[in-house]
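*Asks:* My numbering numbers the first residue of the sequence shown as 202 and each following residue consecutively. Just so you know, even glycine gets a beta-carbon here, dropped at the ideal spot from N, CA and C. Quick one: structure below, then a few questions.
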Amino acid sequence: MINRVLIYDPVPFKGGSKKVMKTIVAELPRNIEVWVISNDRASWSDNGDDCDNRNIHFVPLFSPRYLQNKTTGILYFIKHFIYLLSLIANMMKLKRFSKIIGFSGPNVDFSLYLLTELINIDIIQLIQGDIAHSNVAGFGLARAKKVFYLPSTLASILHALKSYPSNRFHNQNMADDKYMPFVNGIDCTTIKVKKTEDKPKDKIGFLWAASLLKWKRIELFISAMAELNGTSRDVDKYFASVCYIEPQTDAYVDINSFDKVENIHWYADPKNLNDIRANSSVFISTSEDEPFGLSILEAMAAGLAIVIPADNAYWDQHLTHGFDCVKYDPNNMDSLVQALTRLMEEPVFLQKISQQGKNSAQQYCHLQSYSQILKCIPN
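This is the structure:
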């Protein structure tokens, strides 16, 4: 059994993938020494977080700010060469690691695979979103020791495998033992649950929580709230909370470009998200083709009614409209407003959706969801 593992995190902002990794780390055997190399220390040291209690050792990844958002071209390769040098320097100081975990995908974790060209080390790769159809992705998949992937990413993985000549030559495919699907889970004991004694006359709280990446479509939610304010007979009956993370990348929405909309409270990366969520009634997702949607699962566990697009993404396939969620036509503001209006006007229906969603969340215990990953890391 190994007793030291290195976690590689080159993404300079918070997100669902980091939540998953932190949940996994919190369940590793205590005799395993965990080190994280990252350019985002704040993501690993939130007060009260399980990872703080786990006493993770943190080392900074040398990461020039002007290169952090480069995802293509020569600057992308320069960035990863610099990351490679930082990895080598830190590994020389910290003693030898026999295993490194990358959880952002082979394109983002590319410098790990450059490292395998220099030293013999096992890479465990988690894939939690679609990967590019590129030689870089295929290069990483060829060198990973074990790959755990969300089922929704399967098609992109197959394309990446075909795109890299070495994979075609060796006939590497998803039948190999090293590829294993998994589904995300949560530790429900960490989720603050909405009080069930709320009265029908209480204000309804709408919650949107995600990063400001363009595919999260925050503008759809803002437009829906503006429309609701203009058509509702009683704007005092509801309020909205927007909890957002501003990523260090060019591909995000500038919230300062939005007109002021009444009834919306804005929270930048709030430390008390658990409390804000528990004081809300309805969680709204406006993301396009969400690979999983950890925030949706957390809201279900907290007892909120879930509103999602009918887009054939993961939760659209696993939740039922009118039973444990409410669905609307993707990218359709009018359809979203209708869904929210129904929940406001039918409190018994809202309560039913909330309870059934909470029941459905119990199927996603983190220990079961990540059992194969937790077995693989120490061995």
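Express the C-alpha separation of Pro548 and Gly523 in angstroms, rounding to a whole number.
*Replies:* One-based indexing of the sequence shown puts residue 523 at position 322. One-based indexing of the sequence shown puts residue 548 at position 347. Using only the alpha carbons, I get a separation of about 13 Å.
*Asks:* Find out if the Cβ-Cβ distance for the pair Lys346, Ile325 is shorter than 9 Å.
*Replies:* For the purposes of this step, residue 346 is taken as residue 145 along the sequence shown, with counting starting at 1. For the purposes of this step, residue 325 is taken as residue 124 along the sequence shown, with counting starting at 1. Contact flag set, yes.
*Asks:* Give the C-beta separation of Tyr445 and Ala469 to the nearest angstrom, bearing in mind that I take them to be a contact with Cβ-Cβ under 8 Å.
*Replies:* Counted from its first residue, the sequence shown places residue 445 at position 244. Counted from its first residue, the sequence shown places residue 469 at position 268. About 6 Å separates the two Cβ atoms, so the contact holds.
*Asks:* What is the DSSP secondary structure of Val462, counted as helix, strand or coil?
*Replies:* Working through the sequence shown from its first residue, we reach residue 462 at position 261. Looking at Val462 - three-state DSSP - the assignment turns out to be coil, as it is neither helix nor strand.
*Asks:* Compare the beta carbon distance of Val483 and Leu408 with 9 Å and say whether it is the shorter of the two.
*Replies:* Start at 1 with the first residue of the sequence shown, and residue 483 comes out as number 282. Start at 1 with the first residue of the sequence shown, and residue 408 comes out as number 207. Yes. Within cutoff.
*Asks:* Take the Cβ of His466 as the centre, count every other Cβ of all protein chains shown within 10 Å, and call the residue buried at 16 or more, exposed below.
*Replies:* Taking the sequence shown and counting its residues from 1, one reaches residue 466 at position 265. Exposed, since its Cβ has fewer than 16 Cβ neighbours within 10 Å.
*Asks:* Please specify which runs of the alpha helix (DSSP H), each continuous and at least 4 residues long, are wholly inside the region 471-543, giving them in chain order.
*Replies:* Those alpha helix (DSSP H) runs which fall completely within the region 471-543 and span 4+ residues are 474-479, 495-502, 515-519.
*Asks:* Excluding sequence positions up to five away, which residues of its chain have a Cβ less than 8 Å from the Cβ of Met222?
*Replies:* Position 21 of the sequence shown, counted from the start, is the residue given in the question as residue 222. Ile208, Asp210, Ile302, Phe304, Leu327.
*Asks:* Closest to Trp236 by CA distance: which of Leu262, Arg205, Tyr277 is it?
*Replies:* Here residue 236 corresponds to residue number 35 of the sequence shown, with the count starting at 1. With distances taken between Cα atoms, Trp236 lies closest to Arg205.
*Asks:* Under DSSP, the alpha helix (DSSP H) around Arg205 begins and ends at which residues?
*Replies:* As a working mapping, residue 205 is identified with position 4 in the sequence shown. Run containing Arg205: none in the alpha helix (DSSP H); it sits in the beta strand (DSSP E), 205-210.
*Asks:* Using a 10 Å radius around the Cβ and a threshold of 16 neighbouring Cβ atoms, would you call Leu568 buried or exposed?
*Replies:* Stepping through the sequence shown from its first residue, residue 568 is reached at position 367. Label assigned to Leu568: exposed.
*Asks:* What alpha helix (DSSP H) runs, 4 residues minimum, are completely inside the region 306-347?
*Replies:* With a minimum length of 4 residues, the continuous alpha helix (DSSP H) runs that stay inside the region 306-347 are 311-316, 336-344.
*Asks:* Are the beta-carbon atoms of Ser458 and Ala410 separated by less than 9 Å?
*Replies:* Your numbering for residue 458 matches position 257 in the sequence shown. Your numbering for residue 410 matches position 209 in the sequence shown. No. Outside cutoff.
*Asks:* Quick check on this structure: which residue in Asn560, Leu342, Ile507 has the alpha carbon closest to the alpha carbon of Ala540?
*Replies:* As a position in the sequence shown, residue 540 is number 339, starting the count at 1. Here the closest residue by C-alpha is Ile507.
*Asks:* Roughly how far, in whole angstroms, is the beta-carbon of Leu414 from the beta-carbon of Thr487, given that I think they are within contact range, below 8 Å?
*Replies:* Mapped onto the sequence shown, residue 414 falls at position 213. Mapped onto the sequence shown, residue 487 falls at position 286. Going by Cβ atoms, the distance from Leu414 to Thr487 rounds to 12 Å, so no, they are not a contact pair.
*Asks:* Buried or exposed: Pro352, going by 16 or more other Cβ atoms within 10 Å of its Cβ?
*Replies:* Here the question's residue 352 lines up with position 151 in the sequence shown. It counts as exposed.
*Asks:* Looking at C-alpha atoms only, which residue of Leu575, Gly216, Asn336, Ala479 is the closest neighbour of Gly180?
*Replies:* In the structure as shown, the chain starts at 202 and stops at 580, and residue 180 therefore has no counterpart that could be examined.
*Asks:* Quick one, which of Ile289, Gln269, Tyr439, Leu288 has its alpha-carbon nearest Lys280's?
*Replies:* In the sequence shown, counting from the first residue as 1, residue 280 sits at position 79. Selected option, being the one with the closest Cα: Gln269.
*Asks:* Can you check DSSP and say which residues form a bridge with Trp236?
*Replies:* On the sequence shown, position 35 is the one that residue 236 refers to. Leu207, His258.
*Asks:* What are the start and end residues of the alpha helix (DSSP H) that includes Ser442?
*Replies:* By one-based count along the sequence shown, residue 442 stands at place 241. Segment 439-446 is the beta strand (DSSP E) holding Ser442; no alpha helix (DSSP H) there.
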